[in-house]
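Read through the structure below, which is laid out as structure tokens, and then see the notes.
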Amino acid sequence: MEQLVQACKQALINAFPEIDAAQLVPVLQNATNIKFGHYQLNNIMPIQKILKATGKECSVKEISDKIVGELTKMNAPMIAKIAPAAVFVNITLTDKFLLDQAIEKFMTSPETLPKPTPYPKQTIAVDFSSPNVAKSMHVGHLRSTIIGDTVCRLFEYLECDVHRINHVGDWGTQFGMLIAFLMDKNMTDAAHELPITDLVAFYKEAKVRFDEDKEFCERAHQEVVKLQSGSELELGLWKRLCEVSRKEFQRIYQQLDIKLEEVGESFYNPLLQKTVDELTKLGMVQLSDGAQIIDLQEAFPLMVKKTDGGFTYDTTDMAAIKYRAQDLKCNRIIYVTDLGQLPHFQLIFKAAKQAGWIENCLPQHCGFGVVVGEDGKKLKTRSGETVKLQELIDESIKQAEEQIKQTKADEYTAEEIAEISKAVGISAIKYADLCSRRTGDYRFSFEKMLSFKGNTASYMLYSFARISSIVRKIGIDRHEIYNKEKMQNLEITADQERNLLVVLLKLDQVVKQMVEDLMPHNLCDWMYSVSTAYTDFYEKCRVINQDGSYNWTRVVLSEMTRQALKFCFYVLGLKEVERM
Ligand code: ARG
Numbered sequence: 091m092e093q094l095v096q097a098c099k100q101a102l103i104n105a106f107p108e109i110d111a112a113q114l115v116p117v118l119q120n121a122t123n124i125k126f127g128h129y130q131l132n133n134i135m136p137i138q139k140i141l142k143a144t145g146k147e148c149s150v151k152e153i154s155d156k157i158v159g160e161l162t163k164m165n166a167p168m169i170a171k172i173a174p175a176a177v178f179v180n181i182t183l184t185d186k187f188l189l190d191q192a193i194e195k196f197m198t199s200p201e202t203l204p205k206p207t208p209y210p211k212q213t214i215a216v217d218f219s220s221p222n223v224a225k226s227m228h229v230g231h232l233r234s235t236i237i238g239d240t241v242c243r244l245f246e247y248l249e250c251d252v253h254r255i256n257h258v259g260d261w262g263t264q265f266g267m268l269i270a271f272l273m274d275k276n277m278t279d280a281a282h283e284l285p286i287t288d289l290v291a292f293y294k295e296a297k298v299r300f301d302e303d304k305e306f307c308e309r310a311h312q313e314v315v316k317l318q319s320g321s322e323l324e325l326g327l328w329k330r331l332c333e334v335s336r337k338e339f340q341r342i343y344q345q346l347d348i349k350l351e352e353v354g355e356s357f358y359n360p361l362l363q364k365t366v367d368e369l370t371k372l373g374m375v376q377l378s379d380g381a382q383i384i385d386l387q388e389a390f391p392l393m394v395k396k397t398d399g400g401f402t403y404d405t406t407d408m409a410a411i412k413y414r415a416q417d418l419k420c421n422r423i424i425y426v427t428d429l430g431q432l433p434h435f436q437l438i439f440k441a442a443k444q445a446g447w448i449e450n451c452l453p454q455h456c457g458f459g460v461v462v463g464e465d466g467k468k469l470k471t472r473s474g475e476t477v478k479l480q481e482l483i484d485e486s487i488k489q490a491e492e493q494i495k496q497t498k499a500d501e502y503t504a505e506e507i508a509e510i511s512k513a514v515g516i517s518a519i520k521y522a523d524l525c526s527r528r529t530g531d532y533r534f535s536f537e538k539m540l541s542f543k544g545n546t547a548s549y550m551l552y553s554f555a556r557i558s559s560i561v562r563k564i565g566i567d568r569h570e571i572y573n574k575e576k577m578q579n580l581e582i583t584a585d586q587e588r589n590l591l592v593v594l595l596k597l598d599q600v601v602k603q604m605v606e607d608l609m610p611h612n613l614c615d616w617m618y619s620v621s622t623a624y625t626d627f628y629e630k631c632r633v634i635n636q637d638g639s640y641n642w643t644r645v646v647l648s649e650m651t652r653q654a655l656k657f658c659f660y661v662l663g664l665k666e667v668e669r670m
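Next up, the structure:
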């Protein structure tokens, strides 16, 4: 599209030599109705405003006529038609241009993702998932894991250096209680693994004791002190407790096929006092009821040291942001948590900025709403318990399997069914989350997420499988479609083909926007529009004829669509299946 932008820019400069060229940036948008054109040039109103500021009154029509005149005069090879329409100018591109652009973008090889528009090589930290040791990983963490992974994948696609950071809550006073409880249960000298299958239940048991037994409570506090002062026995037990949780988390990450690098809260432990000292030196810390706080004139302050001398979640995040900006040299740090934590991060960003720690670094909170059940209330099991992630995943796979068995039981072997069910079940969970606007509350429904209709993972996977089957049906090797010579003489003959190309070519715009706003649902919407444009095309345009011969242009268009879907699957972390 760069050529089109350049042509428009030149036309604007020619039409308005009196305006500084820097102010004449073409505002190009996809046309709302392809009948009238493929793009709209939306510069008329801005130009009218600029002229007015210099004391020159110009009507919309005058400006529009000038732009159309200059664009026409330029005779740009990619433009087929220029037509003024109220406050913008419609531009229709030539078939050849649309085709060439799409070939350039999508048709490198079957194994290569669409070419990314050049993006500055940045170092980006994404802080996501981040469950807490000995507490259950809940649906909020699941959202963070899924959205965070997609954000990472987007920047990995753009060839940035991405740190996938799991800021696990693995440090804090709860460990005193757990260690004291281990001691009471004589579990301290088990050789390696702790004999705990359910750490969350163990935690609950310890907590009851903690709340009821004063003497125990006292011992728990002593254990925290010992742990924090580096006592070997306590450190060893702490490590083993973390290991139990880690195994459980890892099992979920493995199923979701999501990679994370664990850099938990404990990692920053040695930096905490230094962090407070430095902030104190900068004059940012003050005493308040014995605690050390940073007052940023917001609803509440940051607390960097408690009255009892302990550090807090705030202290750790201050240490972490400095470490990421200055040691990891991140250009951008993205925090993926529920929106409830937004105020906390706003304070952290403000304080870090004031401290001068993030001069070359953009911190950004990528927040999301709460997960609710179909009744609109917080997600619970029938018996009222909080839903376990593992059960959720198992259930999704199970329901996918039932569905597939109903329709395809005799087409596939049991193994194939298991594989497809897993792909569908997991993709459904991910996609349902990603395709709803992340800042809204998210209604969890197996029925909706596993449906074949509408904007769902099943529908997308099915579309992909349908396109994949074309190559099998005509019996060629997929690489053949990428043969450059055979791409020379493609011919567009139907509007559905044109429309499909125009939709496909929105990719850059979608990526550009997502890089800014980190909103995966826009990518899902685009994928859905690609899918529906393809369905339209497929219904009206024969790819394979009755006699087995095929239309090469349409085979290529199908392959481009497959590439577009594949790209979306990659960024969204969905697993494609060739057959379904
Ligand atoms: N462990 C926290 C929680 O479960 C999330 C941590 C988010 N990241 C951070 N740097 N504070 O709510």
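Add 90 to a position in the sequence shown, counting from 1, and you land on the number used in this note's numbering. All C-beta atoms in this analysis are idealised placements derived from N, C-alpha and C, irrespective of residue type, glycine included.
Beta carbon of residue i, beta carbon of residue j: below 8 Å?
i, j, result
"Lys274", "Cys332", "The amino acid at residue 274 is misidentified as Lys; the sequence shows Asp. Contact: no."
"Ser219", "Asn256", "yes"
"Gln100", "Met164", "yes"
"Cys684", "Arg422", "Because residue 684 is not part of the residues shown, which for the chain are 91 to 670, the question remains open."
"Ala272", "Leu327", "As written in the sequence, residue 272 is Leu, which differs from the Ala given in the question. For Leu272 and Leu327, yes; Cβs fall inside 8 Å."
"Leu594", "Val561", "no"
"His611", "Arg527", "yes"
"Val460", "Asp379", "no"
"Ser241", "Val477", "Residue identity check: residue 241 is Val in the sequence provided, not Ser. For Val241 and Val477, no; Cβs fall outside 8 Å."
"Val514", "Met577", "no"
"Ala555", "Met670", "yes"
"Tyr624", "Thr651", "yes"
"Phe458", "Leu418", "no"
"Leu189", "Ile172", "no"
"Ala441", "Met408", "yes"
"His228", "Val592", "no"
"Ile411", "Ile384", "no"
"Leu114", "Ile157", "no"
"Tyr293", "Leu317", "no"
"Gly663", "Ile237", "no"
"Thr278", "Val314", "no"
"Arg336", "Leu284", "no"
"Thr406", "Glu324", "no"
Could you pull out every residue in the same chain whose Cβ sits closer than 7 Å to the Cβ of residue i, ignoring the five residues on either side in sequence?
i, result
"Asp567", "none"
"Asn641", "Arg632 and Val633"
"Gln138", "Cys148, Val150 and Ile153"
"Ser648", "Ile557, Ile560 and Val633"
"Trp447", "Ile411, Lys412, Ala415 and Gln416"
Looking only at its chain, what residues have a beta carbon closer than 8 Å to the beta carbon of residue i, apart from the 5 residues adjacent to it on each side?
i, result
"Met539", "Ser486, Ala518, Ile519, Tyr521, Ala522, Thr546 and Ala547"
"Ile483", "Ile342, Gln345, Leu346, Gly515, Ile516 and Ile519"
"Ser553", "Ser621, Tyr624, Thr625 and Leu655"
"Ser234", "Phe218, Ser219, Ser220, Val426, Thr427, Asp428 and Phe458"
"Ile671", "Past the edges of the chain, shown from 91 to 670, lies residue 671, and the structure says nothing about it."
"Glu246", "Val252"
For residue i, which residues of its own chain have a beta-carbon under 6 Å away from its beta-carbon, when the five flanking residues on both sides are left out?
i, result
"Val290", "Ser226"
"Pro453", "Ile423 and Phe439"
"Asn222", "Gly259"
Verify the contact flag: residue i, CB atom, against every heavy atom of the ligand ARG, threshold strictly below 7 Å.
i, result
"Gly259", "yes"
"Asn256", "no"
"Thr738", "Coverage of the chain is limited to positions 91 through 670, which leaves residue 738 absent and any answer about it impossible."
"Asp217", "yes"
"Ala410", "yes"
"Ser535", "no"
"Asn612", "no"
"Lys417", "Inspection of the sequence shows that residue 417 is occupied by Asp rather than by Lys. It does not: the Cβ of Asp417 is nowhere closer than 7 Å to a heavy atom of the ligand ARG."
"Asn359", "no"
"Pro174", "no"
"Ser220", "yes"
"Asp404", "no"
"Asp239", "no"
"Asp274", "no"
"Asp523", "no"
"Asp190", "no"
> Does the count of Cβ pairs from the stretch 560-574 and the stretch 494-505 closer than 8 Å reach three?
Replying inline: no
>> Quick test of the definition: if touching needs 3 or more C-beta pairs under 8 Å, does the stretch 246-254 touch the stretch 209-219?
In response: yes
>> Count Cβ pairs between the stretch 129-148 and the stretch 189-201 that sit closer than 8 Å; are there 3 or more?
In response: no
> Can you find at least 3 beta carbon pairs, one from the stretch 178-189 and one from the stretch 124-141, that sit closer than 8 Å?
Replying inline: yes
> With a cut-off of 8 Å, do at least 3 Cβ pairs link the stretch 306-324 to the stretch 366-375?
Replying inline: no
> Does the stretch 156-172 come close enough to the stretch 93-107 to have 3 or more Cβ pairs within less than 8 Å?
Replying inline: yes
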